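Numbering-wise (the working numbering), the sequence shown opens with residue 1115 and increments by one. Even for Gly, the Cβ is constructed at its ideal location relative to N, Cα and C. These numbers were taken from a predicted model, which means no experiment stands behind them. Below: one structure, written as structure tokens.
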Amino acid sequence: MDSHTLIIPALGVFVGILMGLTGAGGGILSVPILVFFVHLPMAEASPIALCAIALSATAGAIIGLKEKILRYKAAIFMSIFGLIMSPIGLWVANKVPNMPLLLLFSVILIFVSVRLYIQAHKTIHGTLPPSPTPPPCQLDLSISKLIWTMPCARSLMYAGLTAGFLSGLLGVGGGFVIVPSLKKFTDLPMKSIVATSLGVLAIVSTGGALVSLASGNLNVEIASLFALGSLVGLVFGKLMERKISGTRVQQIFAIFAFLVALSLIYKAV
């Protein structure tokens, strides 16, 4: 543990910066970073990642709430369904061997990174096609609130269920599900999507971390160092958010995530 005293917080800072900039990237990279650099098995890395995501996402959500860009009703609604599925994902994670989990994580990471890169590339070059139909969740500009309908609630429910299960199974927080879902199902601006995603991650990840702590599957010492580092990183990420192009950050993150996924496949095989 002594040799990791500086490495673990530094890795946490890196994860926190990505979370602050993207609302998702840091969460999905937490587990592979812990597996690759700290040599932890997936089942042990996942609860530690959830602690870091919970702490830094809570800070980010509070910032978004103060700036009035966090759609807290949507965040709470998705979180309810995420909390239902998160313990199920944690239970499955403890029953599945390490290699299949690593391979599954790598495949998901490759899919997310490729999709994110393509979307960012199209946005930069102005070739992203407009949606043929309006999203089910639309913002009422007169009151600055989402208009709730059955299709809107159903879409957000499915996003919450998926994010919750993957959060427990892989320790990823679920931001990589929440952010694309909010992009697809709402017409919220990107900063509001990031803040709302962090709100969902704060609640769902906290629930998953508490379940892990209660079941004795959480390494508290490593989790504390990693979580504090991620909190510091998130503050830096929020300060950098106004100065760095979000689409360029997404491209860099996508390339990095793709390389991490290949490294995990090599490590698993």
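Residue nearest to residue i in terms of C-alpha spacing, selected from the options
i: residue 1249; options: 1241, 1267 and 1196; result: 1267
i: residue 1283; options: 1200, 1368, 1130 and 1274; result: 1200
i: residue 1323; options: 1131, 1128, 1189 and 1169; result: 1169
i: residue 1258; options: 1182, 1368, 1361 and 1367; result: 1182
i: residue 1368; options: 1276, 1332, 1150 and 1223; result: 1223
i: residue 1301; options: 1341, 1185, 1319 and 1177; result: 1185
i: residue 1188; options: 1371, 1256 and 1299; result: 1299
i: residue 1320; options: 1197, 1203, 1370 and 1133; result: 1197
i: residue 1120; options: 1151, 1132, 1134 and 1144; result: 1151
i: residue 1315; options: 1192, 1203, 1252 and 1339; result: 1192
i: residue 1237; options: 1372, 1366 and 1361; result: 1361
Secondary structure of residue i, DSSP reduced to three states
i: residue 1257; result: coil
i: residue 1119; result: coil
i: residue 1247; result: coil
i: residue 1263; result: coil
i: residue 1241; result: coil
Sub-8 Å separation of residue i and residue j beta-carbons
i: residue 1343; j: residue 1122; result: yes
i: residue 1162; j: residue 1317; result: no
i: residue 1127; j: residue 1346; result: yes
i: residue 1129; j: residue 1166; result: yes
i: residue 1195; j: residue 1313; result: no
i: residue 1125; j: residue 1142; result: no
i: residue 1174; j: residue 1348; result: yes
Buried/exposed call for residue i, threshold 16 Cβ in 10 Å
i: residue 1263; result: exposed
i: residue 1330; result: exposed
i: residue 1213; result: exposed
i: residue 1261; result: exposed
i: residue 1154; result: buried
i: residue 1247; result: exposed
i: residue 1310; result: buried
i: residue 1255; result: exposed
i: residue 1203; result: buried
Touching or not, the segment 1367-1377 and the segment 1154-1163, by the rule of three or more beta carbon pairs under 8 Å? no
Across the segment 1225-1233 and the segment 1270-1282, are there enough close Cβ pairs to call them in contact, namely three or more that are closer than 8 Å? No: fewer than three Cβ pairs fall under 8 Å.
Answer yes if the segment 1202-1218 comes into contact with the segment 1290-1305, meaning at least three C-beta pairs across the two stretches below 8 Å, and no otherwise. no
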